[in-house]
Amino acid sequence: MIKSKKIKTLALALSAVIVLASCTSNREVPTLLEPVGAEPTFRPVEKANMGQAKIIIGNVMGQEYCHFYEKMIEIKDIYVSVGDYVNEGDILVEANLDSVREQIAGLNSDLSVLNASHEADEKKYEIELERLMLQKEEAEYNKNLGFVNEDYVKSFDKTIETFNENHTYNIEMYEFQKRKINESITDYNKIVNDGIIKAKKSGYVTYKKDLKTGNTATAYENLVTITDPDDLYIVSNADTRSYNYSKYPVKFAFIEGRKVPITEYAYSDSETVFAKAQNMYPIQRFKTEEEVDIKMGDYILLEFYSTDKNDVLVVGKDSVNTDDTGSFVYVRADDGSLEKKYFEMGAADEHNYEVLGGLEEGEMVLYTQEATLPKMDGQYEVKLKTFAQSETAKGIKYVEESTHSYFSTDEGEVDEIYVTELQEVKKGDPILRIMIDSEKGVLVGIENMIKSENRDYDNFVKDAEKEYEDLNKTISDSASESKQSVARLEEIKKALADPNTSAADMLDLAKEKAELEVDTNKKAYKIKYAEMDLKVLEINKDIRKKQHDNTIASLNRQYANAKKNNDGTGYKTIYAEYDGKITSIPVARLDKVNVGKKLAESSYYFDNIVKFGGSHDPEPVGYNYTITIKDDTFDAEVIAGNNNTFAHVFTENGKVYCTPPAMDLNTFYVRVDDEDFFSYDSQFMTVEVSYDKMRLDNMLTIPGNYLFTETSFDKKEYNYVWVLNGDEVYKRYVQTGMDQRLGSMDKPVIINGLYEGDILVK
2 MIKSKKIKTL ALALSAVIVL ASCTSNREVP TLLEPVGAEP TFRPVEKANM
52 GQAKIIIGNV MGQEYCHFYE KMIEIKDIYV SVGDYVNEGD ILVEANLDSV
102 REQIAGLNSD LSVLNASHEA DEKKYEIELE RLMLQKEEAE YNKNLGFVNE
152 DYVKSFDKTI ETFNENHTYN IEMYEFQKRK INESITDYNK IVNDGIIKAK
202 KSGYVTYKKD LKTGNTATAY ENLVTITDPD DLYIVSNADT RSYNYSKYPV
252 KFAFIEGRKV PITEYAYSDS ETVFAKAQNM YPIQRFKTEE EVDIKMGDYI
302 LLEFYSTDKN DVLVVGKDSV NTDDTGSFVY VRADDGSLEK KYFEMGAADE
352 HNYEVLGGLE EGEMVLYTQE ATLPKMDGQY EVKLKTFAQS ETAKGIKYVE
402 ESTHSYFSTD EGEVDEIYVT ELQEVKKGDP ILRIMIDSEK GVLVGIENMI
452 KSENRDYDNF VKDAEKEYED LNKTISDSAS ESKQSVARLE EIKKALADPN
502 TSAADMLDLA KEKAELEVDT NKKAYKIKYA EMDLKVLEIN KDIRKKQHDN
552 TIASLNRQYA NAKKNNDGTG YKTIYAEYDG KITSIPVARL DKVNVGKKLA
602 ESSYYFDNIV KFGGSHDPEP VGYNYTITIK DDTFDAEVIA GNNNTFAHVF
652 TENGKVYCTP PAMDLNTFYV RVDDEDFFSY DSQFMTVEVS YDKMRLDNML
702 TIPGNYLFTE TSFDKKEYNY VWVLNGDEVY KRYVQTGMDQ RLGSMDKPVI
752 INGLYEGDIL VK
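If you read the sequence shown in the numbering used here, its first letter stands for residue 2, the second for the next number, and so on.
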């Protein structure tokens with residue numbers, strides 16, 4: 002029978018009474034006698050996991066397949082909705098090919114101008130290099146006359162070297178720009194040739210881009226996610242940057258009431274490097290090393306151990322003594338006597354030593370403790386149970402799925418409205434008409450840009466013509482002056498050769514001759530420089546003409562695009578793009594509207610699917626979970642959610658892609674089977690939603706009054722339980738998940754130290 006009393010340190014009747022102080026005491030141990038006095042306590046040698054587990058809450062996901070365009074593009078339509086099951090090859094998205102063709106036309110024009118600019122730059126390079134060589138030649142001439150020194154002449158060598166280096170860089174930049182434009186043209190041509198995106202894999206649609214705020218998609222923006230429910234893995238609640246347990250040797254997932262080994266489902270080196278370069282880090286993921294029964298949406302407890310000492314034989318530190326021979330414990334024999342046993346000690350943690358040899362599982366070992374033994378007023382058998390954390394979110398906004406908004410592309414005035422709110426419309430039905438503001442309209446704006454470009458070009462041509470005249474005049478004047486100088490030099494030469502010329506005149510003529518020769522040389526260089534300037538001017542006139550033509554062509558394309566749906570009388574009619582119901586008309590007749598102003602909104606239900614979100618964002622809601630919509634208590638199944646901020650990183654056809662996370666976060670999609678739910682008229686209904694924000698199946702949970710806490714000398718707190726072993730109890734340390742909000746002191750989840758079937762007492 003177990004007595005309930007305070008036991009300080011175990012007292013044994015020895016030839017001299019001794020006290021077994023600490024687990025590492027080193028003393029001479031006398032012959033043991035039968036125990037008397039305080040009743041000894043024993044604990045079995047048993048298997049356990051050493052060390053404290055680090056915990057992450059994981060979630061089961063299907064392999065996701067992102068669908069996107071590689072260039073910025075206008076989306077014509079997305080033909081699937083969240084919750085759809087699609088087959089590989091089904092059409093998902095279609096691009097607006099008119100806008101794509103406009104992009105291609107613009108890129109081809111850009112390429113033409115780029116090539117022309119490069120050709121012009123090459124011509125100007127040859128001219129400017131010739132100019133530098135000529136300047137060096139002129140410097141040599143002036144050096145010989147004593148006007149400049151040798152260093153000045155040599156400085157042109159450095160200038161020419163730098164000029165050539167810049168030319169090499171400019172060629173490389175041109176090749177880079179040309180390559181990028183050609184790549185873009187290729188990508189856009191691919192879209193034109195096959196402007197639809199088809200499903201890469203069969204599965205469920207778990208995300209689609211919301212087009213109600215605009216139909217432009219950026220390059221690599223994820224438009225539709227298909228999730229394969231048959232290819233499952235586990236994701237953590239951390240991305241690859243914040244995940245810290247890669248070097249932990251032991252990793253488990255707690256599934257079906259047992260620890261299942263897992264490995265990191267690693268990204269390739271190229272994927273990791275690319276994601277880091279984009280500063281977009283994907284979610285950390287794992288695979289189980291054996292087949293298990295899990296499904297999408299399941300929450301999974303992930304455990305990480307810094308040591309590989311798991312499921313090893315251990316003995317408590319409070320049982321161990323040492324002497325000169327080694328480490329030993331007192332083992333209770335079958336007749337109740339105590340036997341001193343030495344054992345081989347291995348690794349250690351806060352409470353236990355690993356047993357490498359000398360002890361066997363199940364042997365009852367004497368241990369010391371100061372805790373009050375339980376009163377034995379209750380027993381509890383440890384069982385696997387479901388742990389759930391419930392949440393109620395208020396002010397959650399219900400938003401109809403498949404909403405499409407219509408925006409003004411012009412500035413003007415609402416002239417006519419052809420529909421009313423809640424009216425059913427067919428694709429192509431007129432919704433409203435805008436009278437375009439003649440002074441502020443887009444067409445007038447483009448016309449003004451065309452006028453401005455023409456004016457700028459005309460001014461350039463006038464300035465070029467003026468410069469052309471000035472340069473020709475410089476050449477003509479310099480040539481005329483040079484001709485006069487040459488004639489005068491001929492006269493001087495004759496005078497210098499005439500024997501009748503006086504000595505004084507000889508000196509004056511010699512001086513004049515030298516000055517004329519320098520001046521004539523300067524004019525010769527001046528003419529050459531002016532001729533070079535003329536060549537550069539002709540090149541600049543040619544390239545400016547090409548740029549002008551390209552700009553006008555681009556503006557004309559914009560003008561033609563802006564005139565779509567314009568009947569030529571200054572009115573533009575907005576037509577329904579989908580069958581559905583008009584849910585909102587935020588404008589009235591005669592209202593002034595600006596570019597981007599929302600004019601109308603239409604939507605429809607699709608297979609009883611609705612979307613929830615709102616300013617009071619809900620916690621992440623698990624896939625396949627059931628939520629309760631109050632006050633009328635409708636049950637709904639969660640089929641998808643956008644409540645994560647992780648990027649997708651993956652490789653297709655040898656190329657690494659990185660799509661950014663979804664923008665409409667903290668929303669979730671549900672399927673409501675009760676048709677009465679859809680009798681609500683307002684799409685902006687706010688409701689109260691209750692749900693499990695986390696649910697862990699087959700967990701070890703115990704009543705809180707079976708969990709006890711002790712504080713060590715260094716102020717650390719440890720949890721323990723009393724385990725019934727036959728007709729006696731012993732203390733066993735346990736690890737709870739309370740630091741991860743897995744339970745509370747009233748109902749804790751036990752991570753380590755308990756097994757299904759253990760009997761606890763209190």
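Don't be surprised by glycine CBs; every beta carbon is placed ideally from N, CA and C.
{"Item": "With 16 other Cβ atoms within 10 Å as the buried cut-off, status of residue 319", "Value": "buried"}
{"Item": "Segments of 3+ residues assigned as beta strand (DSSP E) that fall wholly inside the segment 52-121", "Value": "55-68, 74-79, 92-96"}
{"Item": "Per DSSP, the bridge partner or partners of residue 259", "Value": "256"}
{"Item": "Straight-line gap, residue 22 to residue 58 (C-alpha atoms, nearest Å)", "Value": "Because residue 22 carries a pLDDT of 32, less than 50, the predicted location of this residue cannot be relied on, and no value is offered for it."}
{"Item": "Short Cβ contact (8 Å threshold) for residue 46 with residue 206", "Value": "no"}
{"Item": "Identified DSSP bridge partners for residue 351", "Value": "None; residue 351 has no bridge partner."}
{"Item": "Simplified DSSP state of residue 745, which is helix, strand or coil", "Value": "coil"}
{"Item": "Residue environment, residue 255, which counts as buried when at least 16 other CB atoms sit within 10 Å", "Value": "buried"}
{"Item": "Spatial distance of residue 150 from residue 512 (CA atoms)", "Value": "23 Å"}
{"Item": "Beta-ladder partner(s) of residue 506, from DSSP", "Value": "DSSP output for residue 506 lists no bridge partner at all."}
{"Item": "Among 527, 78, 72, 381, the one whose alpha carbon lies nearest that of residue 704", "Value": "381"}
{"Item": "Option nearest residue 544 by Cα separation, candidates 515, 458, 503", "Value": "458"}
{"Item": "Span separating the alpha-carbon of residue 716 from that of residue 749", "Value": "22 Å"}
{"Item": "Beta carbon of residue 366 nearer than 8 Å to that of residue 43", "Value": "yes"}
{"Item": "Where residue 46 falls: helix, strand or coil (DSSP)", "Value": "coil"}
{"Item": "Pairwise C-alpha distance: residue 184 and residue 691", "Value": "51 Å"}
{"Item": "Sheet register partners of residue 734 (DSSP bridge)", "Value": "721"}
{"Item": "Alpha-carbon to alpha-carbon, residue 413 and residue 449", "Value": "17 Å"}
{"Item": "Supposed close pair residue 201, residue 71 - CB separation, criterion 8 Å", "Value": "Rounded, the Cβ-Cβ distance is 14 Å, inconsistent with contact."}
{"Item": "Neighbourhood of residue 535 by C-beta distance below 6 Å, restricted to the same chain and skipping five residues each side", "Value": "472"}
{"Item": "First and last residue of the uninterrupted beta strand (DSSP E) at residue 270", "Value": "Note, residue 270: premise wrong, no beta strand (DSSP E); alpha helix (DSSP H) at 270-279."}
{"Item": "Per DSSP, the bridge partner or partners of residue 305", "Value": "55, 252"}
{"Item": "Three-state secondary structure assigned by DSSP to residue 142", "Value": "helix"}
{"Item": "Contained alpha helix (DSSP H) runs [length at least 4] in the segment 486-553, N- to C-terminal order", "Value": "none"}
{"Item": "Spatial distance of residue 199 from residue 230 (CA atoms)", "Value": "18 Å"}
{"Item": "Spatial distance of residue 409 from residue 215 (CA atoms)", "Value": "11 Å"}
{"Item": "Unbroken alpha helix (DSSP H) run spanning residue 764, endpoints", "Value": "One cannot answer for residue 764 here, as it falls past the ends of the chain, which runs 2 to 763."}
{"Item": "Contacting residues, own chain, Cβ-Cβ under 8 Å from residue 595 (five flanking each side not counted)", "Value": "409, 412"}
{"Item": "Residue 229 - DSSP class collapsed to helix/strand/coil", "Value": "strand"}
{"Item": "Test item: CB-CB of residue 744 and residue 737 under 8 Å", "Value": "yes"}
{"Item": "Cβ pair residue 769, residue 753 closer than 8 Å", "Value": "The structure shown does not extend to residue 769, since the chain is modelled only from 2 to 763, so the question has no answer here."}
{"Item": "Own chain partners of residue 193 with C-beta closer than 8 Å, once the 5 adjacent residues on each side are dropped", "Value": "98, 101, 102, 105"}
{"Item": "8 Å Cβ cutoff met for residue 722 and residue 701", "Value": "no"}
{"Item": "Same chain only: Cβ atoms within 6 Å of residue 303, ignoring 5 sequence neighbours per side", "Value": "57, 59, 254"}
{"Item": "Entirely enclosed beta strand (DSSP E) segments - the segment 391-474, minimum 3 residues", "Value": "405-408, 413-418, 431-437"}
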